[in-house]
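Participant: The structure that follows is given in the form of structure tokens.
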Amino acid sequence: MKSKVNLRTGVRAVFERAEDLFDAGFGGANNPLRHLGALGFLLFWIVAISGLYLYIVLDTGITQVYESVRALSSDPRAPGGILRSMHRYGADGFMLVMGLHLVREWAFGRSHGFRWYSWVSGVPLIWLAFASGIGGYWIPWDRLAQFSALATAEWLDWLPLFGGAISRNFASPGVLNDRFFTLLVFIHLGVPLLLLVALWAHVHRISRVDHFPRRRLAIGTGLTLLLLALIAPARLDAAADLSIVPAEVALDWFILFIHPLAYATSSATAWLFVAAVSVLLLVLPLLPHPARQPVARVSPANCNGCSRCFADCPYAAVVMEPHPDKPGHKLARVIPELCAGCGICAGACPSSTPFRSVEELVTGIDMPQQPVDALRRELAARLARLEAAPRAVVFGCTEAFDVRALEDARTCAISLLCTGMLPPSLVEYALRSGADGVLVTGCREGGCAFRLGNGWIGERLRGEREPHLRASVPAQRLRVLWADARDGERLRAGLAEFRRDLDALGDAHRPRSIVRRIVHHG
Amino acid sequence: MVKPLSLVGQVVLYAAFAAFIGYFASHPKYRHLAPDRAMVKLSMSHFGARECRTRSAAELARLPPNMRAPLECKRERSPLRIEVELDGQTVYRDSIRPTGIARDGVAAVYRRFEVGAGTHRLAVRLNDDARVSGFTHMHEGAVELKPAQILVIDFNPDHGGLFFR
Ligand code: HEM
Ligand code: SF4
Ligand code: SF4
Numbered sequence: 063m064k065s066k067v068n069l070r071t072g073v074r075a076v077f078e079r080a081e082d083l084f085d086a087g088f089g090g091a092n093n094p095l096r097h098l099g100a101l102g103f104l105l106f107w108i109v110a111i112s113g114l115y116l117y118i119v120l121d122t123g124i125t126q127v128y129e130s131v132r133a134l135s136s137d138p139r140a141p142g143g144i145l146r147s148m149h150r151y152g153a154d155g156f157m158l159v160m161g162l163h164l165v166r167e168w169a170f171g172r173s174h175g176f177r178w179y180s181w182v183s184g185v186p187l188i189w190l191a192f193a194s195g196i197g198g199y200w201i202p203w204d205r206l207a208q209f210s211a212l213a214t215a216e217w218l219d220w221l222p223l224f225g226g227a228i229s230r231n232f233a234s235p236g237v238l239n240d241r242f243f244t245l246l247v248f249i250h251l252g253v254p255l256l257l258l259v260a261l262w263a264h265v266h267r268i269s270r271v272d273h274f275p276r277r278r279l280a281i282g283t284g285l286t287l288l289l290l291a292l293i294a295p296a297r298l299d300a301a302a303d304l305s306i307v308p309a310e311v312a313l314d315w316f317i318l319f320i321h322p323l324a325y326a327t328s329s330a331t332a333w334l335f336v337a338a339v340s341v342l343l344l345v346l347p348l349l350p351h352p353a354r355q356p357v358a359r360v361s362p363a364n365c366n367g368c369s370r371c372f373a374d375c376p377y378a379a380v381v382m383e384p385h386p387d388k389p390g391h392k393l394a395r396v397i398p399e400l401c402a403g404c405g406i407c408a409g410a411c412p413s414s415t416p417f418r419s420v421e422e423l424v425t426g427i428d429m430p431q432q433p434v435d436a437l438r439r440e441l442a443a444r445l446a447r448l449e450a451a452p453r454a455v456v457f458g459c460t461e462a463f464d465v466r467a468l469e470d471a472r473t474c475a476i477s478l479l480c481t482g483m484l485p486p487s488l489v490e491y492a493l494r495s496g497a498d499g500v501l502v503t504g505c506r507e508g509g510c511a512f513r514l515g516n517g518w519i520g521e522r523l524r525g526e527r528e529p530h531l532r533a534s535v536p537a538q539r540l541r542v543l544w545a546d547a548r549d550g551e552r553l554r555a556g557l558a559e560f561r562r563d564l565d566a567l568g569d570a571h572r573p574r575s576i577v578r579r580i581v582h583h584g
Numbered sequence: 532m533v534k535p536l537s538l539v540g541q542v543v544l545y546a547a548f549a550a551f552i553g554y555f556a557s558h559p560k561y562r563h564l565a566p567d568r569a570m571v572k573l574s575m576s577h578f579g580a581r582e583c584r585t586r587s588a589a590e591l592a593r594l595p596p597n598m599r600a601p602l603e604c605k606r607e608r609s610p611l612r613i614e615v616e617l618d619g620q621t622v623y624r625d626s627i628r629p630t631g632i633a634r635d636g637v638a639a640v641y642r643r644f645e646v647g648a649g650t651h652r653l654a655v656r657l658n659d660d661a662r663v664s665g666f667t668h669m670h671e672g673a674v675e676l677k678p679a680q681i682l683v684i685d686f687n688p689d690h691g692g693l694f695f696r
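Printed below as a string of structure tokens:
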């Protein structure tokens, strides 16, 4: 099992390096590598819309279709020609993005546990995407279409079900007719429609799906495809001729690679390849992997039914139900199978405020492995141990840079399940309990391991999302700096700068203390 | 705001994406058949013969009037035995079983043989009736194949049996 882990971490490292590069160019919110799913949806829509246009303008008789595609490609820079090229390149981009998305999710260890559904429901998308793409290549009925159609037929015919029956249709001119083309177009409309349904199924279980890229990335990607269509319009080969072999074809390797594979090996090998890849992907969630996190627990006595946990849970693992005892009130309930154990709900719950003067702080929804009460105690204990000013508290996330490595005489650090778990009031509590400054960190922008955590806490600290940090908390004493596991140096530098700023601040903007300040002299 | 350097970076990355897609969408070319080669395809589907016997008058009289067919046939059909000989060498010899659970369907075959372009001597023999030893149909001749040309060996009882196309 060890070698698999090493391969996985190796691939992950490659992705991280590439993401650093893309972060520099695009910024986190527009980094295509962190929004591959959204990019996939964008490309799907580009292909769907250009495809509908082609469907309207093309004549689908067996002899007419080639002529009507040729008419389009004779003027590749007219709208029809451009849309045809974008249809093709969009489909290629979709395949590329799908492959990257799959490998990235695997490399980041997201193929198991509560994510098993996302993973398993991704697999049929691959089949449907290739079925759509290969079928699309048959439509212009040029030599490439002829090659692909016959190669597919010979490949399918290996299955005992067909026994040569499909290839025979292409063995001689005159066997194919207009009905065949009507069927083809029907398939090429129907399979992508199934793909759309399957895409919906793939994402419907999670909440606030990232199903369209930010405007800048969407426009950039669209323009890139447009320019590519203008510079290198999609080709059209000579018309199909069933009396000759298309000896050499300009193959689309993104979509049609299975044909050379089947010819270079055998139909059986190509089927084995497809079956092996599918089975491997489908059983991946069953292979040994790290244990699941304990799931969130609701304390009915402390839940006021505000629905904030329901709104913020990235995995739609919280449902609001009628309160059993209080008519007209609601009560949160966790669906354990869906719960990631990220704690974001605890950060969203208004009952998580550490200012409540109870001996044991029990919040509405909490994590057994890291309850808010324990956080409050840990914070107080660690703060008390700090020996020198400025005293900084760092809140980080176990999925990102391990902030405990930053601890020293002036710094204490608390590593949360997800930085989104931090109740904003805990920041205020820290400042009023003797901290001079609070640094909040977690996964880089757009890269939250639990999808939404760093976004939520950012909004809360800026006062844009409930529960928000109170406006009376001095902004000078709070710093937010996102840092992945590999960003230690940048985080240390940021912390050092924050300390200098806190030193310069002196006693200005200090919130009222709730404890006797511990003052060290000398 | 967007820094000029990051804008350059974006343009470079978009260009790389476009170049990658643009290239592999049609390159490298795939050669499916060497330039001086041609193709012979054996492609036919045909019902093999059934074993039948004539019913006697007494038997017919015993049957209900609507079922008095003069022939009584087994459900199962004969397999097709096929041989293809190219330039005196047997390149294919097989027996094709009829389809269907009761082996009463059509028997179909599809095979491809790559050959050099030029003139070849081609002979095909077919037996579609297991009760007959030897072959029931034969066809042979010299064929001239241009590079990349496909010659199809087919069977159609209405066109006199086996033929080349
Ligand atoms: C091109 C087709 C695909 C598209 C358009 C697509 C799209 C998406 C989208 C939009 C998300 C949600 C991302 C978010 O909001 O954080 C997602 C999540 C996911 N996808 Fe796909 N997907 C595709 C194919 C696949 C395939 C083939 C697999 C793997 C077999 C896969 C595995 C996953 C996993 C594991 C997640 C969950 C990520 C998480 O929980 O953090 N997807 N996909
Ligand atoms: S721990 Fe995370 S996934 Fe589970 S209910 Fe809370 S927010 Fe949702
Ligand atoms: S956020 Fe807290 S109080 Fe609000 S519904 Fe959820 S558990 Fe109840």
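In order, the protein sequences belong to chains R and L. The opening residue of the first sequence carries number 63 in our numbering; numbering runs sequentially from there. The opening residue of the second sequence carries number 532 in our numbering; numbering runs sequentially from there. Glycine included, C-beta positions come from ideal geometry on N, C-alpha and C. No experiment lies behind these values; they were computed from the predicted model shown.
Could one say the Cβ of R:Ala294 lies closer than 7 Å to chain L's Cβ atoms, at least one of them?
Facilitator: Closer than 7 Å: yes.
Participant: For L:Asp685, list the residues DSSP reports as bridge partners.
Facilitator: L:Phe694
Participant: Return the CA-CA distance between R:Leu451 and R:Trp181, expressed in angstroms with no decimal places.
Facilitator: The amino acid occupying residue 451 of chain R in the given sequence is Ala; Leu does not appear at that position. Spanning the two alpha carbons is a distance of roughly 48 Å.
Participant: Assuming R:Asp137 and R:Ser130 form a contact by the criterion Cβ under 8 Å, report the distance between their Cβ atoms to the nearest whole angstrom.
Facilitator: Contact between R:Asp137 and R:Ser130 does not hold, since the beta-carbon distance rounds to 13 Å and is not under 8 Å.
Participant: Establish whether the CB of L:Gly540 and some CB of chain R are separated by less than 7 Å.
Facilitator: With 7 Å as the cut-off, L:Gly540 counts as an interface residue toward chain R.
Participant: Between the alpha carbons of R:Thr425 and R:Arg418, how many angstroms are there, rounded?
Facilitator: 10 Å
Participant: Rounding to the nearest angstrom, what Cα-Cα distance links R:Arg578 and R:Arg513 in this structure?
Facilitator: Because R:Arg578 sits at a pLDDT of 48, beneath the cut-off of 50, its placement in the model cannot be relied upon, and the point is left open.
Participant: Should R:Trp217 be labelled buried (16 or more other beta-carbon atoms within 10 Å of its own) or exposed?
Facilitator: buried
Participant: Hey, out of L:Glu675, L:Asn658 and L:Pro678, whose CA is closest to L:Met669's CA?
Facilitator: Of the listed residues, the one whose Cα sits closest to L:Met669 is L:Asn658.
Participant: Let's see if you can read the secondary structure: which residues bound the beta strand (DSSP E) around L:Met570?
Facilitator: Arg568 to His577
Participant: With 7 Å as the C-beta to C-beta threshold (strictly closer), list the residues of the stretch 132 to 161 of chain R near chain L in chain order.
Facilitator: Arg150, Tyr151, Asp154, Gly155 and Leu158
Participant: Tell me which residues share the same chain as L:Thr630 and place their Cβ nearer than 8 Å to its Cβ, disregarding the 5 neighbours each side in the sequence.
Facilitator: Gly636, Val637, Ala638 and Ala639
Participant: For the stretch 489 to 553 of chain R, list the alpha helix (DSSP H) runs that are entirely contained and at least 4 residues long, ordered along the chain.
Facilitator: As summarised for the stretch 489 to 553 of chain R, the continuous alpha helix (DSSP H) elements at least 4 residues long and confined to that stretch are 515 to 523, given in chain order.
Participant: According to DSSP, is R:Asn366 helix, strand or coil?
Facilitator: coil
Participant: At 8 Å on the CB atoms, spell out the chain L contacts of R:Phe316, in chain order.
Facilitator: Ile552, Phe555 and Ala556
Participant: Please list, in chain order, the chain L residues whose beta carbon lies closer than 7 Å to that of R:Arg297.
Facilitator: Below the 7 Å Cβ cutoff, chain L contributes Ser557 as neighbours of R:Arg297, in chain order.
Participant: Check each residue of the stretch 78 to 96 of chain R: if its Cβ is closer than 7 Å to any Cβ of chain L, include it; give the result in chain order.
Facilitator: For the stretch 78 to 96 of chain R, the set of positions with a beta-carbon nearer than 7 Å to some beta-carbon of chain L reads Phe84, Ala86, Gly87 and Phe88 in chain order.
Participant: Just list the beta strand (DSSP E) runs in the stretch 266 to 340 of chain R, keeping only unbroken ones of 3 residues or longer that don't cross its boundaries, in chain order.
Facilitator: Complete beta strand (DSSP E) runs here, min 3: none at all.
Participant: For chain R, find out if any of its Cβ atoms is closer than 7 Å to the Cβ of L:Leu693; answer yes or no.
Facilitator: no
Participant: List, in order along the chain, the chain R residues whose C-beta lies closer than 8 Å to that of L:Arg562?
Facilitator: Correct list: Ala309 and Glu310.
Participant: Are the C-beta of R:Ile281 and some C-beta of chain L separated by less than 7 Å?
Facilitator: no
Participant: Between the Cα of R:Pro430 and the Cα atoms of R:Tyr325, R:Arg354, R:Ala260 and R:Glu559, which residue gives the shortest distance?
Facilitator: R:Arg354
Participant: Indicate the three-state DSSP secondary structure (helix, strand or coil) for R:Cys407 in the structure shown.
Facilitator: helix
Participant: For L:Asp618, does the three-state DSSP call read helix, strand or coil?
Facilitator: coil
Participant: Does the beta-carbon distance from R:Val360 to R:Gly403 come in below 7 Å?
Facilitator: no
Participant: In the stretch 604 to 631 of chain L, which residues sit with their C-beta less than 7 Å from some C-beta in chain R, listed in chain order?
Facilitator: Answer in chain order: Thr630.
Participant: Below 6 Å, is the gap between the Cβ of R:Cys407 and the nearest heavy atom of ligand 2?
Facilitator: With a cut-off of 6 Å, the C-beta of R:Cys407 is classified as near ligand 2, since at least one heavy atom of the ligand falls inside that distance.
Participant: Is the Cβ-Cβ distance between R:His174 and R:Pro347 less than 7 Å?
Facilitator: yes
Participant: Measuring only from the beta carbon, is R:Asp149 closer than 6 Å to any heavy atom that is part of ligand 1?
Facilitator: It should be noted that the sequence gives His, not Asp, for residue 149 of chain R. Not under cutoff, so the answer is no.
Participant: Below 8 Å on the Cβ atoms is my contact criterion, and I expect R:Tyr151 with R:Leu290 to pass it. Report the Cβ-Cβ distance as a whole number of Å.
Facilitator: 5 Å
Participant: Would you kindly check if the distance between the Cβ of R:Phe457 and the Cβ of R:Val396 is under 7 Å?
Facilitator: no
Participant: If we count the other Cβ atoms within 10 Å of its Cβ and call it buried at 16 or more, is R:Pro376 buried or exposed?
Facilitator: buried
Participant: Please state if the CB of R:Leu104 and the CB of R:Ile280 are separated by a distance shorter than 7 Å.
Facilitator: The sequence as given places Ala at residue 280 of chain R; Ile does not occur at that position. Yes, the Cβ-Cβ distance between R:Ala280 and R:Leu104 is below 7 Å.
Participant: Given that L:Pro566 touches chain R, what residues does it touch there, using C-beta distances under 8 Å?
Facilitator: Within chain R, the residues near L:Pro566 are Ala309.
Participant: List the endpoints of the continuous alpha helix (DSSP H) containing R:Tyr11.
Facilitator: Only positions 63 to 584 of chain R appear in the structure, and residue 11 of chain R is not among them; the question remains open.
Participant: Indicate whether the contact test is met: 3 or more Cβ pairs, each with one atom in the stretch 532 to 552 of chain L and one in the stretch 83 to 93 of chain R, closer than 8 Å.
Facilitator: yes
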